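*Asks:* Submitted below is the structure of interest, expressed as structure tokens.
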Amino acid sequence: MSRLGEHIREYIRDSADRKLTVGRMAVSRLAFFGLAAGIVIVGAVALIAVLMSKREKGLTFARADVISGYTYRMKDDLLTYRTKDRLYTYDGAKDVSTYYPIANIEGYDTSDSMTIVYAGSQFKIQGWKNTMALSYGTILDVRAGRNYAALLYRIPAADRDERFIEIINRNQQSVNKISFKDSEIVGFDFLDTGSTELLWVSTMDVGQFTEESIVRIYDCGKDGTMIHYTSPFYNQAIYNLYLSDRCLFMVGTQSIIRYDREENGFSAERDRVRVYGSTIVDFSAGTETAYFIALPVAAEGEENSLVRLITISETDDLWSNVMQKYMPSPVIGAYLFNGTICVFTREDFLQFSFAGKKLLDLEAQHQPVAAFRCSDQGFLVVTEQSCYRVTLD
Numbered sequence: 001m002s003r004l005g006e007h008i009r010e011y012i013r014d015s016a017d018r019k020l021t022v023g024r025m026a027v028s029r030l031a032f033f034g035l036a037a038g039i040v041i042v043g044a045v046a047l048i049a050v051l052m053s054k055r056e057k058g059l060t061f062a063r064a065d066v067i068s069g070y071t072y073r074m075k076d077d078l079l080t081y082r083t084k085d086r087l088y089t090y091d092g093a094k095d096v097s098t099y100y101p102i103a104n105i106e107g108y109d110t111s112d113s114m115t116i117v118y119a120g121s122q123f124k125i126q127g128w129k130n131t132m133a134l135s136y137g138t139i140l141d142v143r144a145g146r147n148y149a150a151l152l153y154r155i156p157a158a159d160r161d162e163r164f165i166e167i168i169n170r171n172q173q174s175v176n177k178i179s180f181k182d183s184e185i186v187g188f189d190f191l192d193t194g195s196t197e198l199l200w201v202s203t204m205d206v207g208q209f210t211e212e213s214i215v216r217i218y219d220c221g222k223d224g225t226m227i228h229y230t231s232p233f234y235n236q237a238i239y240n241l242y243l244s245d246r247c248l249f250m251v252g253t254q255s256i257i258r259y260d261r262e263e264n265g266f267s268a269e270r271d272r273v274r275v276y277g278s279t280i281v282d283f284s285a286g287t288e289t290a291y292f293i294a295l296p297v298a299a300e301g302e303e304n305s306l307v308r309l310i311t312i313s314e315t316d317d318l319w320s321n322v323m324q325k326y327m328p329s330p331v332i333g334a335y336l337f338n339g340t341i342c343v344f345t346r347e348d349f350l351q352f353s354f355a356g357k358k359l360l361d362l363e364a365q366h367q368p369v370a371a372f373r374c375s376d377q378g379f380l381v382v383t384e385q386s387c388y389r390v391t392l393d
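Straight run, no breaks: the sequence shown in the working numbering ends on number 393.
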């Protein structure tokens with residue numbers, strides 16, 4: 001019996017050990033599967049949060065009082081467009097839309113202080129009492145400044161290659177009449193220095209072998225006196241000028257050319273940065289650095305998904321840098337906004353730091369066909385059906 005009892009006790013001990021081992025294994029397996037399930041749940045929650053933020057977080061859309069389906073211009077933070085019988089101006093910062101009744105106008109231009117319309121030899125500046133006319137010419141284009149207007153026209157009896165630009169002040173008086181003979185006028189507009197307004201005119205002369213572009217700058221506050229005349233730029237056209245507190249930048253089809261501001265005008269050329277194949281679409285200046293957004297010139301029928309940030313020094317330490325980012329879908333608009341780069345594509349809104357770090361990647365709630373920056377308040381996004389004021393949360 002004693003030997004049988006020992007066998008029984010040994011069997012019980014072995015059974016208890018096996019049960020304890022099995023229990024420990026079961027607890028370990030449950031803990032493992034519980035941990036794995038927790039990881040899966042956390043990952044799923046994180047994924048849902050990312051997807052929800054991509055759809056909802058970051059952008060706020062509010063309907064703007066703008067009619068969709070037209071061609072829009074943005075200048076001085078004003079969106080303008082024309083219908084059959086009206087010219088609309090929308091101030092996105094104030095969320096105010098106004099319109100002027102128009103007849104068969106041929107063209108117009110706006111600034112934050114005036115709107116000009118023209119047809120034939122007649123033009124009218126909204127807010128001025130009378131419609132004015134050039135008895136001696138046919139208007140080809142106009143530009144609106146803060147206190148001045150500029151009219152580009154030709155005189156039928158004059159040489160067919162001669163063009164004129166006339167500067168008119170708010171008293172409806174002619175400040176200066178400038179002749180351009182044997183030159184094609186590529187562009188002209190105003191630069192506001194605060195104390196005065198400057199009118200720049202870019203011309204192109206086509207020679208036997210080369211194209212020569214020249215930029216002239218006139219001080220409207222000094223009877224339209226010319227204060228700057230560049231040396232010829234060969235084989236490129238200058239199509240825009242940007243002014244900062246320190247520098248003047250002339251933007252051409254091949255280069256950005258920098259000049260320093262001086263007391264009575266501008267210095268000789270200081271620096272040149274190549275931008276061939278790109279169009280500059282936005283500009284911002286810091287204390288010592290200027291930033292440009294460049295989009296590649298796409299061939300007809302092609303779409304662009306590349307955005308470039310061009311950085312140019314405004315100091316004596318001459319340097320420049322180009323950073324580029326590829327977008328996930330074709331670019332609708334790219335802008336500098338509060339020290340960042342903001343890009344609207346057909347499907348997304350993306351935001352980057354100047355160093356190239358992605359800050360936001362949001363799925364657009366409304367697919368844009370056009371997008372515009374509206375001062376430091378936000379953006380205007382045009383869709384097929386509506387227009388929205390868009391702000392960053």
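Glycine included, each C-beta is placed from N, C-alpha and C at the ideal position.
Every value quoted in this text rests on a predicted model; they were computed, and no experiment measured them.
Could you check if Gly194 is buried or exposed, using at least 16 other CB atoms within 10 Å of its CB as the buried criterion?
*Replies:* Classification of Gly194: exposed, given that the 10 Å Cβ count is below 16.
*Asks:* Using the beta-carbon count (16 or more within 10 Å), is Thr83 buried or exposed?
*Replies:* Result: exposed.
*Asks:* Which of helix, strand or coil does DSSP assign to Lys181?
*Replies:* Here Lys181 sits in strand by DSSP.
*Asks:* For the candidate residues Asp85, Glu303, Thr203 and Ile310, whose alpha-carbon lies nearest to that of Gly333?
*Replies:* Of the listed residues, the one whose Cα sits closest to Gly333 is Glu303.
*Asks:* Going by the DSSP bridge assignment, what does Phe190 pair with across the sheet?
*Replies:* The partner list for Phe190 (beta bridge, DSSP) reads Leu199.
*Asks:* Please determine if the segment 171-182 and the segment 99-112 are in contact, where contact requires at least 3 C-beta pairs separated by less than 8 Å.
*Replies:* They do not touch, by the three-pair rule.
*Asks:* Short of 7 Å in beta carbon distance, which residues of its chain neighbour Ser386, apart from the five on each side in sequence? Order them along the chain.
*Replies:* Within the same chain, Ser386 has close Cβ partners Arg63 and Ser68.
*Asks:* If we ignore side chains and look at the alpha-carbon of each, how far apart do Met250 and Ile256 end up?
*Replies:* Near 6 Å, if we compare the C-alpha coordinates of Ile256 and Met250.
*Asks:* Thr391: which of Phe337, Val273 and Ala290 sits nearest, CA to CA?
*Replies:* Among Phe337, Val273 and Ala290, the Cα nearest to that of Thr391 is on Phe337.
*Asks:* With distance defined between alpha-carbon atoms, name the residue in Asn240, Arg258 and Lys124 nearest to Gln172.
*Replies:* Answer by Cα proximity: Lys124.
*Asks:* Are there 16 or more other CB atoms within 10 angstroms of the CB of Glu263, so buried, or fewer, so exposed?
*Replies:* So Glu263 ends up on the exposed side.
*Asks:* If Leu350 sits next to Met327, beta carbons under 8 Å apart, how far is it from one beta carbon to the other, in whole angstroms?
*Replies:* With 8 Å as the limit, Leu350 and Met327 qualify as a contact, their Cβ atoms being about 7 Å apart.
*Asks:* Assess, as a yes-or-no matter, whether the segment 236-252 is touched by the segment 189-207 under the definition of 3 or more beta carbon pairs within less than 8 Å.
*Replies:* Taking 8 Å as the limit for Cβ pairs, the verdict is that the segment 236-252 does touch the segment 189-207.
*Asks:* From Glu314, Val331 and Ile310, pick the residue whose C-alpha is nearest to that of Val322; which is it?
*Replies:* Minimum Cα distance to Val322 is reached at Ile310.
*Asks:* Who are the Cβ neighbours of Asp393 in its own chain at under 8 Å, not counting the five residues just before and after it?
*Replies:* Closer than 8 Å at the Cβ level, and outside the excluded window around Asp393, lie Lys57, Gly58, Leu59 and Thr60.
*Asks:* Return no unless some Cβ of chain C is closer than 9 Å to the Cβ of Leu359.
*Replies:* Of the protein chains in this structure there is only one, and it is not chain C.
*Asks:* Which two residues bound the contiguous beta strand (DSSP E) that contains Pro296?
*Replies:* Per DSSP, Pro296 belongs to the beta strand (DSSP E) from Thr289 to Pro296.
*Asks:* Anyone know if the C-beta pair for Leu380 and Gly92 falls short of 9 Å?
*Replies:* Result yes, Cβ atoms of Leu380 and Gly92 sit closer than 9 Å.
*Asks:* So, at 6 Å on beta carbons, what are the nonlocal neighbours of Ile155 in its own chain, with the 5 sequence-adjacent residues on each side left out?
*Replies:* Tyr136 and Gly137.
*Asks:* Ignoring anything shorter than 3 residues or poking outside the segment 334-365, list the beta strand (DSSP E) runs there in chain order.
*Replies:* Entirely contained in the segment 334-365, the beta strand (DSSP E) runs reaching 3 residues are, in chain order, 340-345, 348-352 and 358-363.
*Asks:* What are the partner residues of Asp91, as DSSP defines its beta bridges?
*Replies:* DSSP, once it has assigned bridges, lists Leu78 and Val96 as partnering Asp91.
*Asks:* Given a threshold of 16 other Cβ atoms within 10 Å of its Cβ, counted over all protein chains shown, does Ser267 qualify as buried or as exposed?
*Replies:* Exposed, since its Cβ has fewer than 16 Cβ neighbours within 10 Å.
*Asks:* Answer with buried or exposed for Val297, where buried requires no fewer than 16 other C-beta atoms within 10 angstroms of its C-beta.
*Replies:* Its Cβ having fewer than 16 others within 10 Å, Val297 is exposed.
*Asks:* What is the DSSP secondary structure of Gly221, reduced to helix, strand or coil?
*Replies:* Looking at Gly221 - three-state DSSP - the assignment turns out to be helix.
*Asks:* Going by C-alpha to C-alpha distance, which of Thr289, Ala294 and Ser305 sits closest to Asp316?
*Replies:* When only C-alpha atoms are compared, the closest one is Thr289.
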